[in-house]
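Novice: Here you go, one structure.
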Amino acid sequence: SAVISQKPSRDICQRGTSLTIQCQVDSQVTMMFWYRQQPGQSLTLIATANQGSEATYESGFVIDKFPISRPNLTFSTLTVSNMSPEDSSIYLCSVTTGGKFEAFFGQGTRLTVV
Amino acid sequence: KNQVEQSPQSLIILEGKNCTLQCNYTVSPFSNLRWYKQDTGRGPVSLTIMTFSENTKSNGRYTATLDADTKQSSLHITASQLSDSASYICVVSAEAGGTSYGKLTFGQGTILTVHP
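Note that the protein sequences, when read in sequence, are chains D and B.
Note that my numbering has the first sequence beginning at 1, numbered continuously upward.
Note that my numbering has the second sequence beginning at 1, numbered continuously upward.
Structure representation (structure tokens):
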């Protein structure tokens, strides 16, 4: 298994500003992911954070809006840039381990943009 | 298009009662199906994970079934407790192609409320 520490757990931000979310894992993992969960919705994959190279973004998400860093195998950050109220959501970090690539999730960051 | 649909959207039951949540999927090629529990304000936590060859898997009071032919799964909760109140999410993994990891498709979740 993997224990994921994500922070901050919640924040209220002014529109036009940026917020960086941190994800720390207690063991080295190959695959790290960032998801968004809008109110009442299922999780949507934003990007795969690759160690030593640029993140791989899903359709509808771009690097300028959601820059991601992955400096090593235990840590990643997601920045939500130039925020608007539409960015209000829960952002989740996830890693996969094991033979079945079981997914583990951080506790999430609840972001409110006002 | 890969999809996972769950029913019901929400469910209210009395403490001690049993309930069954449903999941239908169209993910192909199929690799495995997972059920997660997500408490309010927390990240999802894995309950069960089943591959094509497994048709039932238990984790305490939680029992998941899988019918790969009809592409259906269910999660049965026995003797419900107040702490079972949460969102239950069905997640299906597609079989990986050239990579070692298949993409996950998430259902929208079933919100279960257990009343005393």
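The beta carbon of each residue, even a glycine, is placed where N, CA and C say it ideally should be.
Kindly identify the DSSP beta-bridge partner or partners of lysine 37 of chain B.
Specialist: Residue numbering aside, residue 37 of chain B sits at position 37 when the second sequence is read from its first letter. Note: lysine 37 of chain B sits in a beta bridge opposite B:Val45 and B:Tyr88.
Novice: Taking the straight line between their C-alpha atoms, what separation do you get for serine 100 of chain B and isoleucine 111 of chain B?
Specialist: Numbered from 1 along the second sequence, position 100 holds the residue referred to as residue 100 of chain B. Numbered from 1 along the second sequence, position 111 holds the residue referred to as residue 111 of chain B. Reliability fails at serine 100 of chain B, whose pLDDT of 46 lies under 50, so the model's placement of it is uncertain and the value that follows must be treated cautiously. Cα-Cα distance, rounded: 32 Å.
Novice: Kindly give me the distance between the Cβ atoms of lysine 7 of chain D and glutamine 22 of chain D, rounded to whole angstroms, as I take these residues to be in contact under 8 Å.
Specialist: Taking the first sequence and counting its residues from 1, one reaches residue 7 of chain D at position 7. Taking the first sequence and counting its residues from 1, one reaches residue 22 of chain D at position 22. Right, their Cβ atoms sit about 5 Å apart.
Novice: Give the secondary structure of leucine 82 of chain B by DSSP, where H, G and I count as helix, E and B as strand, and everything else as coil.
Specialist: Mapped onto the second sequence, residue 82 of chain B falls at position 82. If DSSP states are grouped into helix, strand and coil, leucine 82 of chain B belongs with the helices.
Novice: Rounded to the nearest angstrom, how far is the Cβ of serine 80 of chain B from that of isoleucine 12 of chain B, given a contact under 8 Å?
Specialist: Start at 1 with the first residue of the second sequence, and residue 80 of chain B comes out as number 80. Start at 1 with the first residue of the second sequence, and residue 12 of chain B comes out as number 12. At roughly 11 Å, the Cβ-Cβ gap does not stay under 8 Å, so serine 80 of chain B and isoleucine 12 of chain B are not in contact.
Novice: Is the region 90 to 97 of chain D touching the region 58 to 76 of chain B, taking contact as three or more C-beta pairs under 8 Å?
Specialist: No contact exists between the region 90 to 97 of chain D and the region 58 to 76 of chain B.
Novice: What's the C-alpha gap between leucine 104 of chain B and glycine 60 of chain B?
Specialist: On the second sequence, position 104 is the one that residue 104 of chain B refers to. On the second sequence, position 60 is the one that residue 60 of chain B refers to. The alpha-carbon atoms of leucine 104 of chain B and glycine 60 of chain B are separated by roughly 25 Å.
Novice: Verify the CB distance criterion: does proline 44 of chain B have a CB-CB separation below 8 Å to chain D?
Specialist: One-based indexing of the second sequence puts residue 44 of chain B at position 44. Cβ-Cβ to chain D under 8 Å: yes for proline 44 of chain B.
Novice: Based on DSSP bridge pairs, tell me the residues matched to isoleucine 90 of chain D.
Specialist: Working through the first sequence from its first residue, we reach residue 90 of chain D at position 90. Answer is D:Gln37 and D:Arg110, bridged to isoleucine 90 of chain D.
Novice: Would you verify that the beta carbon of isoleucine 49 of chain B is, or is not, closer than 8 Å to some beta carbon of chain D?
Specialist: As a working note, residue 49 of chain B is residue 49 in the second sequence. True, the Cβ-Cβ gap to chain D drops below 8 Å.
Novice: So glutamine 107 of chain D and glycine 43 of chain B are supposed to be a Cβ contact under 8 Å. How far apart are they, rounded?
Specialist: For the purposes of this step, residue 107 of chain D is taken as residue 107 along the first sequence, with counting starting at 1. For the purposes of this step, residue 43 of chain B is taken as residue 43 along the second sequence, with counting starting at 1. Between glycine 43 of chain B and glutamine 107 of chain D the Cβ distance is about 5 Å, and since that is below 8 Å, they are a contact.
Novice: When the distance is taken between beta carbons, is glycine 107 of chain B closer than 8 Å to cysteine 23 of chain B?
Specialist: For the purposes of this step, residue 23 of chain B is taken as residue 23 along the second sequence, with counting starting at 1. For the purposes of this step, residue 107 of chain B is taken as residue 107 along the second sequence, with counting starting at 1. It is a contact, given that the beta carbons lie within the stated cut-off.
Novice: Which residues of the region 103 to 116 of chain B have a Cβ closer than 7 Å to any Cβ of chain D? Give them in chain order.
Specialist: Of all residues in the region 103 to 116 of chain B, Leu104, Phe106, Gly107, Gln108 and Gly109 have a Cβ within less than 7 Å of some Cβ in chain D.
Novice: Who are the neighbours of glycine 41 of chain B on chain E, taking C-beta pairs under 9 Å?
Specialist: Structure shown: chain E not included; protein chains present are D and B.
Novice: Return the Cβ separation of threonine 38 of chain B and isoleucine 89 of chain B in integer angstroms, given the expectation that the two are a contact with Cβ distance under 8 Å.
Specialist: The residue labelled residue 38 of chain B in the question sits at position 38 within the second sequence. The residue labelled residue 89 of chain B in the question sits at position 89 within the second sequence. It should be noted that the sequence gives glutamine, not threonine, for residue 38 of chain B. With a Cβ gap of about 6 Å, glutamine 38 of chain B and isoleucine 89 of chain B count as contacting.
Novice: Below 8 Å between beta carbons: does that hold for phenylalanine 66 of chain D and threonine 79 of chain D?
Specialist: By one-based count along the first sequence, residue 66 of chain D stands at place 66. By one-based count along the first sequence, residue 79 of chain D stands at place 79. Result yes, Cβ atoms of phenylalanine 66 of chain D and threonine 79 of chain D sit closer than 8 Å.
Novice: Does the Cβ-Cβ distance between threonine 74 of chain D and valine 25 of chain D come in under 8 Å?
Specialist: Stepping through the first sequence from its first residue, residue 74 of chain D is reached at position 74. Stepping through the first sequence from its first residue, residue 25 of chain D is reached at position 25. Contact flag set, yes.
Novice: Provide the residue(s) that pair with valine 95 of chain D in DSSP beta bridges, ordered along the chain.
Specialist: Residue numbering aside, residue 95 of chain D sits at position 95 when the first sequence is read from its first letter. D:Met32 and D:Phe104.
Novice: Count the other CB atoms within 10 Å of the CB of phenylalanine 52 of chain B; is the residue buried (16 or more) or exposed (fewer)?
Specialist: To locate residue 52 of chain B, count along the second sequence from 1; it is residue 52. So phenylalanine 52 of chain B counts as exposed.
Novice: How far does the beta strand (DSSP E) with valine 62 of chain D in it reach, from first residue to last?
Specialist: The residue labelled residue 62 of chain D in the question sits at position 62 within the first sequence. Where valine 62 of chain D is concerned, there is no enclosing beta strand (DSSP E), given that its DSSP letter is neither H nor E.
Novice: Measure from the alpha carbon of isoleucine 49 of chain B to the alpha carbon of each residue in D:Thr109, D:Leu111 and D:Ala103, then state which is nearest.
Specialist: Against the second sequence, residue 49 of chain B aligns to sequence position 49. Comparing Cα-Cα distances from isoleucine 49 of chain B to each of D:Thr109, D:Leu111 and D:Ala103, the minimum goes to D:Ala103.
Novice: Cα separation between serine 88 of chain D and leucine 21 of chain B?
Specialist: Position 88 of the first sequence holds residue 88 of chain D. Position 21 of the second sequence holds residue 21 of chain B. Approximately 29 Å, taken between the alpha carbons.
Novice: Taking 8 Å as the CB-CB cut-off, is isoleucine 89 of chain B touching chain D?
Specialist: Residue mapping note: residue 89 of chain B aligns to position 89 of the second sequence, counting from 1. Closer than 8 Å to some Cβ of chain D, the Cβ of isoleucine 89 of chain B qualifies, so yes.
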